[in-house]
Amino acid sequence: MQIYKAMKTYGFFLMFVMGLVAVSCNQTSGSIQEIGDVNVDIDHLSGVSDFFDSYSYVILRTPSDSPLGTISRIDIDEEHIVASSRGDVHVYKRDGQIVSVFSHVGQGPEEYMDISDIHLVDGNINLLSCQTKKIYVYEPDGTFVESYPLADYYTAFCPTDGGFWLASETSNNSGYEFSFYDKDKKESVESCMPFDRNESFTPAQFRPFISDTADDILVVRQFDNSVYSLRKGDGIKTVWRYNFNTPMQLSDFDRDLPYTKLFEETSNKPVIKYPGIAYVSGSQVYQTLSVFFKLGYFPYVYKFDMSRQDQDGKTLRIGLESFEDFPYLRTPAVLIYDGNYVSLMESFNVLSIERSLGTTEFSSKGLTEESSQVLFFHHFKH
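Here you go:
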């Protein structure tokens, strides 16, 4: 397979562009502890070697007649990579070779109106369309399999045993943030975390499902720095709450404002609106964050041990400084998969870094500035 590995190269400064954020609902080990407050020192930075031990990459090989534009959603399993862009679904093998490109946008029984979320489940593509209130199932070649009707509008989902957890993000009339949908019964059978008002607003980069362990699904809410655990039959509980030492706190803003206004008020301000996706391995937690620093938003990773609350965690800032051993670690994680921080980089940026390093690693493999994006897999250090 053309999954290329690298260990040591040389650094180069490159500012990043904020991208999508998603979580792959593949299970990692461990049960989540309730640990209370987690104090995060954003300014006390650690070295990249405390976080990652290696990296690899996959060049997405897209045919010229079906170009891959801006990726809005992405997922990975053992066999495939699936990405959605402008209503199209691009399916690749794990080595980046194209399998199919399909679009079923329309109002027919096998067609969707939008792609709100997408996951690979049991070898098939599961696609959530908020507008049609359905989850559609397609084979990798685009053949329709079945659909699951939903009772309300949902913006994200996480597959799990027997069904899906659905996220309202306070943007429907269900009255609950999260609902469990039973695939056999084709209906929601459990709901939790009631909300008071239908905001009908969700920031494009917000993802409520941040991690999936063997026992728990970790979730977050907008404008809330707590992390919650979902478990079928047990509902939802708070497992920890982050206290960030940023110059501004969420408590500095009027929480009664509509989300549209609150989003506007907190944008481009030194405040963390919500935690990002996370990787949990045993008692180790790697938490991604989006932090406003001087000129714009930068991706951070905060690492801490749930079993050692007496010890300070470690913080890594990505995108401003260059890392000699990890020159392509520049952009936010779009996915956590198999213990890897998965990020996307446009081909022209990859080639720019390559030229600065004086190598031909990517250009010798046929990458041009017109090529599709490159997926980088930075492996978390255990």
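Residues -23 to -1, 1 to 359, numbered by mature numbering (1 follows the signal peptide of the UniProt record, and there is no 0), are exactly what the sequence shown covers, in order. In this text, a Cβ means the ideal position worked out from N, Cα and C, and glycines have one as well.
When Lys271, Tyr69, Glu55 and Asp302 are compared against His355, the one with the closest alpha-carbon: Asp302
Whether Ile295 touches Phe275 by CB criterion (8 Å): yes
Gln4 versus Ser244 - alpha carbon distance: At Gln4 the pLDDT is 47, less than 50, meaning the model places this residue with poor confidence; the figure from the coordinates comes in the next sentence. Separation of Gln4 and Ser244 (C-alpha to C-alpha, rounded to the nearest whole angstrom) is 33 Å.
Beta-carbon spacing of Ser299, Ser324 below 8 Å: no
Beta-carbon spacing of Leu352, Val35 below 8 Å: yes
Proximity winner among Phe270, Leu321, Tyr314 and Asn317, relative to Leu297 (alpha-carbon distances): Phe270
CB-CB length for residue 362 against Ser151, believed under 8 Å: Residue 362 falls outside the range modelled here, since the chain spans only -23 to 359, and no answer is possible.
For Phe157 and Phe172, the rounded distance between their alpha carbons: 16 Å
Limits of the unbroken beta strand (DSSP E) element including Ile330: Counting along the chain, Ile330 falls outside any beta strand (DSSP E), though it belongs to the alpha helix (DSSP H) covering Ser324 to Leu334.
Alpha helix (DSSP H) runs contained entirely in the segment 230 to 254, provided each spans 4 or more residues: 236 to 243
Residues bridged to Leu195 [DSSP beta-bridge criterion]: Ser188 and Ser206
Where Ser340 sits in the DSSP three-state scheme: Helix at Ser340.
Tyr89 - containing beta strand (DSSP E), residue span: Unbroken run through Tyr89: none, as it is neither H nor E.
Meets three-Cβ-pair contact criterion under 8 Å: the segment 72 to 91 and the segment 128 to 139: no
Top-ranked residue by Cα proximity to Ile102, from Arg50, Tyr32 and Leu344: The shortest C-alpha separation from Ile102 is found at Arg50.
Where Asp18 falls: helix, strand or coil (DSSP): coil
Given Arg71 as reference, the closest of Pro252, Asp189 and Asp52 once Cα atoms are compared: Asp52
Helix, strand or coil at residue 360 [DSSP, three-state]: This structure cannot settle anything about residue 360, because the visible part of the chain is limited to -23 through 359.
Classification of Pro304 by the beta-carbon crowding that lies within 10 angstroms, buried from 16 upward: buried
Proximity winner among Pro126, Ile58, Ser228 and Val78, relative to His96 (alpha-carbon distances): Of Pro126, Ile58, Ser228 and Val78, the residue nearest in Cα terms is Ile58.
N- and C-terminal bounds of the beta strand (DSSP E) containing Ser148: From DSSP, Ser148 is part of no beta strand (DSSP E); its letter is neither H nor E.
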